[in-house]
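Q: Please read through the structure below; I'll follow up with questions.
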Amino acid sequence: MTTHTNGGSLSKEQIDFYNEEGYLVIPQLLSREALQPAKEAMNEKVSMIADELFQAGLIDDKLEHRPFKYRLAELFAHLTEDDFLKYGRSWRDRLPGYFHLMSQPKILDAVESLIGGEIFANPVYNVRPKVPNVAAGAVPWHQDKSYWPDANSNPVITVWIPMVDANEVNGCLHIKPRTHRSRVLEWHQETYTKTGYNALENKQLGKTKTVALPVPEGSAILFNDRALHMSTPNQSDEVRWSVDLRYQPTDQDPMPAHGTGFLARSYMYPDKVATLEDWLAERMERV
Ligand SMILES: O=C(O)CCC(=O)C(=O)O
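Right, dumping it as structure tokens:
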């Protein structure tokens with residue numbers, strides 16, 4: 176495919192770093208204003224959960240005025256892990272704020288530097304409401320590709336964005352640099368979180384050093400879908416809110432078994448770039 180591109184926003188040093196190390200941190204890529212619609216989508220879901228908990232008699236205060244960073248953690252502070260997991264360890268709701276985030280030009284400009292300007296937003300994206308005291312908040316060592324081993328889609332780039340400052344106390348991302356060229360390792364489904372993450376055994380991790388990636392709100396961590404990564408438990412009293420979004424070139428498998436992604440940027444077919452209405456109707460592109 177001929178790749179049309181405006182070159183993207185990354186410097187040669189950043190591109191070389193990504194290619195060598197398998198990941199790249201872009202501090203504070205997005206402003207608070209750019210994150211706000213996605214936060215509103217998360218708040219909407221939290222309010223829905225608070226209503227349900229209240230109606231079920233599990234809480235007597237919906238904590239409507241508590242800040243975004245604390246409310247969900249406090250709603251579940253006196254409830255069980257199972258009460259929390261009823262809503263899932265991560266969320267993939269089709270709310271406009273998520274489309275707004277996935278379409279952010281600053282994200283697409285960065286991704287364009289790595290894969291060119293024909294960009295498909297992969298159907299796999301997760302909102303992670305990582306609250307304290309829920310084992311499934313900590314994600315074991317894995318390669319993302321283990322979640323789509325049959326999909327012939329390459330490369331798939333994850334763009335991980337914290338909606339609050341992510342640090343070693345609330346459980347930031349950790350990565351093993353230069354593992355992205357390894358094959359997809361044999362994984363197992365763990366049982367201790369009760370949610371069945373794909374996981375690797377310690378002996379499969381090799382000698383590569385682990386790098387912790389604490390980053391401020393709105394930063395982006397880009398990584399390759401074979402790079403080994405994990406996150407640690409949340410030992411704070413706040414929610415480590417984050418999203419992981421994924422992008423790939425348009426001439427790759429759109430992975431329909433995982434949902435409906437969308438054409439996020441195209442220089443060849445700009446009229447086909449999906450709008451919010453297309454995405455809400457689960458159309459990959461504009462008709
Ligand atoms: O957000 C986390 O804690 C883990 C994220 C992750 O494993 C991923 O984005 O693939």
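Residue numbers (the working numbering): 176 to 462. All residues carry an ideal CB built from backbone N, CA and C; glycine is no exception.
Using DSSP bridges, identify the partner residues of T333.
A: Its beta-bridge partners are F398, R421.
Q: Run the proximity test for D340: is its beta-carbon closer than 6 Å to any non-hydrogen atom belonging to ligand 1?
A: no
Q: Considering N194, what are the terminal residues of the alpha helix (DSSP H) in which it resides?
A: Looking at the DSSP string, the run of the alpha helix (DSSP H) that includes N194 is 187 to 196.
Q: Per DSSP, N373 is paired with what?
A: Q364
Q: Could you say which of I350, H275, H363 lies nearest to Y193 if we only look at CA atoms?
A: I350
Q: State yes or no: is the C-beta of D419 nearer than 6 Å to some heavy atom of ligand 1?
A: yes
Q: Please confirm if the stretch 415 to 435 is in contact with the stretch 297 to 309, defined as three or more CB-CB distances below 8 Å between the two stretches.
A: yes
Q: Using only CA atoms, which one of L254, P445, S278 lies nearest to D463?
A: The structure shown does not extend to residue 463, since the chain is modelled only from 176 through 462, so no value can be given for it.
Q: State the DSSP-derived secondary structure class of M405, mapped to helix, strand or coil.
A: strand
Q: Give me the Cβ distance between V334 and D319, rounded to the nearest whole Å; I'm assuming they're in contact under 8 Å.
A: Not quite, the Cβ-Cβ distance comes to about 12 Å (not below 8 Å), so this is no contact.
Q: Which stretch, first to last residue, makes up the beta strand (DSSP E) that contains F121?
A: There is no way to answer for residue 121, as the model of the chain reaches only from 176 to 462.
Q: Does the Cβ of V314 lie closer than 6 Å to at least one heavy atom of ligand 1?
A: Yes; taking the cut-off as 6 Å, the Cβ of V314 has a heavy atom of ligand 1 nearer than that.
Q: Quick test of your reading: L348 and S406, contact by CB under 8 Å. State the CB separation rounded to the nearest angstrom.
A: 5 Å
Q: May I ask you to verify whether the stretch 270 to 283 touches the stretch 362 to 371, counting CB pairs closer than 8 Å and requiring at least 3?
A: no
Q: Going by alpha carbons, who is nearest to A313 out of R358, G272, Y372?
A: Y372
Q: Mind checking whether the beta-carbon of S406 lies closer than 6 Å to any heavy atom of ligand 1?
A: yes
Q: Quick one: what's got a C-beta closer than 8 Å to L380's C-beta in the same chain, skipping five residues either side?
A: W316, K351, L403
Q: In the DSSP assignment, the beta strand (DSSP E) including V286 goes from what residue to what residue?
A: Per DSSP, V286 belongs to no beta strand (DSSP E); it is in the alpha helix (DSSP H), 280 to 290.
Q: Determine whether the beta carbon atoms of V414 and I336 lie at a separation below 7 Å.
A: no
Q: So, A225 versus L270, is the Cβ gap smaller than 7 Å?
A: For A225 and L270, no; Cβs fall outside 7 Å.
Q: Following a CB-centred definition, is R401 positioned closer than 6 Å to any heavy atom of ligand 1?
A: no
Q: Measuring only from the beta carbon, is R303 closer than 6 Å to any heavy atom that is part of ligand 1?
A: yes
Q: Any chance the CB of W416 is under 6 Å from a heavy atom of ligand 1?
A: no
Q: For P389 versus E343, is the C-beta distance shorter than 7 Å?
A: yes
Q: Taking only the alpha-carbon atoms, compute the straight-line gap between R353 and K187 and give it to the nearest angstrom.
A: 18 Å
Q: Straight-line CA distance for E256 to L420?
A: Answer to the nearest angstrom: the Cα atoms are 26 Å apart.
Q: Would the C-beta of D319 count as close to ligand 1, meaning under 6 Å from any of its heavy atoms?
A: yes
Q: Within 7 Å (strictly less), CB to CB, does K382 reach chain B?
A: Reference to chain B is not applicable here, since this structure consists of a single protein chain.
Q: Please classify L185: is it buried, with 16 or more other beta-carbons within 10 angstroms of its beta-carbon, or exposed?
A: It is buried - the Cβ of L185 has at least 16 other Cβ atoms within 10 Å.
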